[in-house]
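Heads up, the thing below is written out as C-alpha cells.
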Amino acid sequence: MAKKIEISNNIRKLRFFASEMTQQELAEKVGVSRQTIIAIEAGKYSPSLELSFRLADAFGVKLDEVFECHFTE
Amino acid sequence: MSYQEKRNIVSILTGAAILAAYGLVAWGRVRSGAIGPDDLAAWAGLMLVFIGIGIVASIVIQIVFHILLSVSIAVEKKIQDRDCEDLEIEKTIKNEMVEDEMGKLIELKASKAGYIVAGTGFVAALISLVLHAAPAVMLNLVFVSMCAASLIEGVLQLYYFRKGLAHG
Numbered sequence: 001m002a003k004k005i006e007i008s009n010n011i012r013k014l015r016f017f018a019s020e021m022t023q024q025e026l027a028e029k030v031g032v033s034r035q036t037i038i039a040i041e042a043g044k045y046s047p048s049l050e051l052s053f054r055l056a057d058a059f060g061v062k063l064d065e066v067f068e069c070h071f072t073e
Numbered sequence: 074m075s076y077q078e079k080r081n082i083v084s085i086l087t088g089a090a091i092l093a094a095y096g097l098v099a100w101g102r103v104r105s106g107a108i109g110p111d112d113l114a115a116w117a118g119l120m121l122v123f124i125g126i127g128i129v130a131s132i133v134i135q136i137v138f139h140i141l142l143s144v145s146i147a148v149e150k151k152i153q154d155r156d157c158e159d160l161e162i163e164k165t166i167k168n169e170m171v172e173d174e175m176g177k178l179i180e181l182k183a184s185k186a187g188y189i190v191a192g193t194g195f196v197a198a199l200i201s202l203v204l205h206a207a208p209a210v211m212l213n214l215v216f217v218s219m220c221a222a223s224l225i226e227g228v229l230q231l232y233y234f235r236k237g238l239a240h241g
C-alpha cells in the first residue's frame, strides 16, 4: 500500500523574508486570487505543479524550499 | 468574504428565488384548477417561461452584482488612498475577480455533484411513471431536480471555498 503523504509549506515564512510580502502581492505575482494563496498557506489546497513552480519563482527559491513533504506508513 | 463566495451566494439566492416563484405559481394554478395533472402542454409552457425568466434574471443579477462590486472596490480604494489613479483601481478590480485553478477545480467538483442530483431526479421521474403517477409529476420531478442540482452546485462551491480542497 502506498505511503500517506503530508504536504506542508513555508509560504508564510518566505513572505516574511521577502520584505513582508502581502498575500495579495504574491497572488498578483503568480496570477491567482488571494483566496487561493490563503488556502495554500493554510494547507487547505494543494496547488498544481505549475503553480508550485510559479510560487517558488516568485520567492526566487527552489521548489523544495517552498513545499515539504513527509511520508507516513 | 471573497469574490467567488459573494458570486456564489448571489447565484444561489437567484436560483432559490426562481424555484420558489415557480413553486408558488404552479401551486396556485393547480389549486385554481387552471392546470391539470395530465395537461403536459400547460406544464411544459409554464416551465419554459420559468427557464426563460431564470436565464434573464441570472444574467441581469450577475451584471448588477459585478457593477456594484466594482463600485464598492473602487470606493474602498479611494478611501484608502485619495490620490490613487483609475488604472490602479482597474487593476485592483481585475485582481479581485481573478479566476484561477482552485476556482476551476471547485467548479468541476461541484458540477459533478450537480450531475448526480439531476441524474437521480431523472431516475426518480422514471420511477414515478412506472408507479403510474401523473405525467405532470414526472415532468416536475425532472424540472425541480435540475433546479436543485444548480442550487446544490452553488452550495457545494461555497462549502469548498470555505473548507478548501486539500490534495485535489
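Here the protein sequences come in this chain order: L and W. With the first letter of the first sequence counted as 1, position 6 gets the number 6 in my numbering; the numbers rise by one all the way through. Counting the second sequence from 1 gives a position; my numbering is that position plus 73. Quick reminder that beta carbons are idealized off the backbone N, C-alpha and C, glycines included. Note that this is a predicted model, so its numbers are computed, not measured.
Compare the beta carbon distance of residue i and residue j with 8 Å and say whether it is the shorter of the two.
{"i": "Gly194 of chain W", "j": "Met175 of chain W", "result": "no"}
{"i": "Val190 of chain W", "j": "Ala147 of chain W", "result": "no"}
{"i": "Thr87 of chain W", "j": "Ile152 of chain W", "result": "no"}
{"i": "Ile91 of chain W", "j": "Phe123 of chain W", "result": "yes"}
{"i": "Leu214 of chain W", "j": "Ser223 of chain W", "result": "no"}
{"i": "Gly237 of chain W", "j": "Lys44 of chain L", "result": "yes"}
{"i": "Ser33 of chain L", "j": "Val171 of chain W", "result": "yes"}
{"i": "Ala78 of chain L", "j": "Leu63 of chain L", "result": "No answer is possible for residue 78 of chain L: it lies beyond the span of chain L, which begins at 1 and ends at 73."}
{"i": "Leu212 of chain W", "j": "Leu97 of chain W", "result": "no"}
{"i": "Val61 of chain L", "j": "Leu26 of chain L", "result": "no"}
For residue i, decide whether its Cβ has a neighbour in chain L, counting only Cβ atoms nearer than 8 Å.
{"i": "Lys236 of chain W", "result": "yes"}
{"i": "Asn81 of chain W", "result": "no"}
{"i": "Glu174 of chain W", "result": "yes"}
{"i": "Ser75 of chain W", "result": "yes"}
{"i": "Ala147 of chain W", "result": "no"}
{"i": "Ala206 of chain W", "result": "no"}
{"i": "Asn213 of chain W", "result": "no"}
{"i": "Val171 of chain W", "result": "yes"}
{"i": "Ala115 of chain W", "result": "no"}
{"i": "Ala183 of chain W", "result": "no"}
{"i": "Ala239 of chain W", "result": "yes"}
Would you please verify whether the beta carbon of residue i is less than 8 Å from any beta carbon of chain W?
{"i": "Lys29 of chain L", "result": "no"}
{"i": "Gln23 of chain L", "result": "no"}
{"i": "Ala36 of chain L", "result": "The sequence as given places Thr at residue 36 of chain L; Ala does not occur at that position. By this cut-off, Thr36 of chain L is an interface position."}
{"i": "Val32 of chain L", "result": "yes"}
{"i": "Leu63 of chain L", "result": "no"}
{"i": "Lys3 of chain L", "result": "no"}
{"i": "Ser8 of chain L", "result": "no"}
{"i": "Ala58 of chain L", "result": "no"}
{"i": "Lys44 of chain L", "result": "yes"}
{"i": "Ser52 of chain L", "result": "no"}
{"i": "Ala18 of chain L", "result": "no"}
Look at the alpha carbon of residue i and the alpha carbon of residue j, and state the distance between them as a whole number of angstroms.
{"i": "Met1 of chain L", "j": "Phe71 of chain L", "result": "12 Å"}
{"i": "Leu231 of chain W", "j": "Glu78 of chain W", "result": "6 Å"}
{"i": "Val196 of chain W", "j": "Lys185 of chain W", "result": "17 Å"}
{"i": "Met120 of chain W", "j": "Lys182 of chain W", "result": "28 Å"}
{"i": "Val30 of chain L", "j": "Phe59 of chain L", "result": "10 Å"}
{"i": "Glu158 of chain W", "j": "Glu149 of chain W", "result": "13 Å"}
{"i": "Tyr76 of chain W", "j": "Val66 of chain L", "result": "27 Å"}
{"i": "Ile40 of chain L", "j": "Val217 of chain W", "result": "37 Å"}
{"i": "Ile85 of chain W", "j": "Val137 of chain W", "result": "15 Å"}
{"i": "Gly241 of chain W", "j": "Gln24 of chain L", "result": "The predicted model places Gly241 of chain W with a pLDDT of 45, which falls under 50 and marks its position as unreliable; any figure quoted below should be read in that light. Whole-angstrom Cα-Cα distance: 23 Å."}
{"i": "Leu142 of chain W", "j": "Glu169 of chain W", "result": "10 Å"}
{"i": "Asp173 of chain W", "j": "Phe16 of chain L", "result": "24 Å"}
{"i": "Ile132 of chain W", "j": "Val228 of chain W", "result": "19 Å"}
{"i": "His205 of chain W", "j": "Ala94 of chain W", "result": "28 Å"}
{"i": "Ile128 of chain W", "j": "Ala42 of chain L", "result": "37 Å"}
{"i": "Ser52 of chain L", "j": "Met21 of chain L", "result": "17 Å"}
{"i": "Arg74 of chain L", "j": "Leu199 of chain W", "result": "Residue 74 of chain L lies beyond the stretch modelled for chain L, which goes from 1 to 73, so this question has no answer here."}
{"i": "Gly125 of chain W", "j": "Glu73 of chain L", "result": "55 Å"}
{"i": "Arg235 of chain W", "j": "Arg104 of chain W", "result": "42 Å"}
{"i": "Ile38 of chain L", "j": "Gly118 of chain W", "result": "47 Å"}
{"i": "Ser46 of chain L", "j": "Arg80 of chain W", "result": "23 Å"}
Assuming residue i contacts residue j under a Cβ cut-off of 8 Å, what Cβ separation, rounded to an integer in Å, is found between them?
{"i": "Glu68 of chain L", "j": "Ser8 of chain L", "result": "5 Å"}
{"i": "Tyr233 of chain W", "j": "Ile179 of chain W", "result": "4 Å"}
{"i": "Ala108 of chain W", "j": "Trp100 of chain W", "result": "In the sequence as presented, Ala is not what sits at residue 108 of chain W; that position holds Ile. Rounded, the Cβ-Cβ distance is 10 Å, inconsistent with contact."}
{"i": "Glu226 of chain W", "j": "Gly187 of chain W", "result": "4 Å"}
{"i": "Ala209 of chain W", "j": "Asp111 of chain W", "result": "7 Å"}
Which runs of the alpha helix (DSSP H) fall wholly inside the stretch 159 to 191 of chain W and span at least 4 residues, in chain order? 159 to 169
Taking only runs of the alpha helix (DSSP H) that begin and end inside the stretch 89 to 171 of chain W, which ones reach a length of at least 4 residues, in chain order? 113 to 153, 159 to 169
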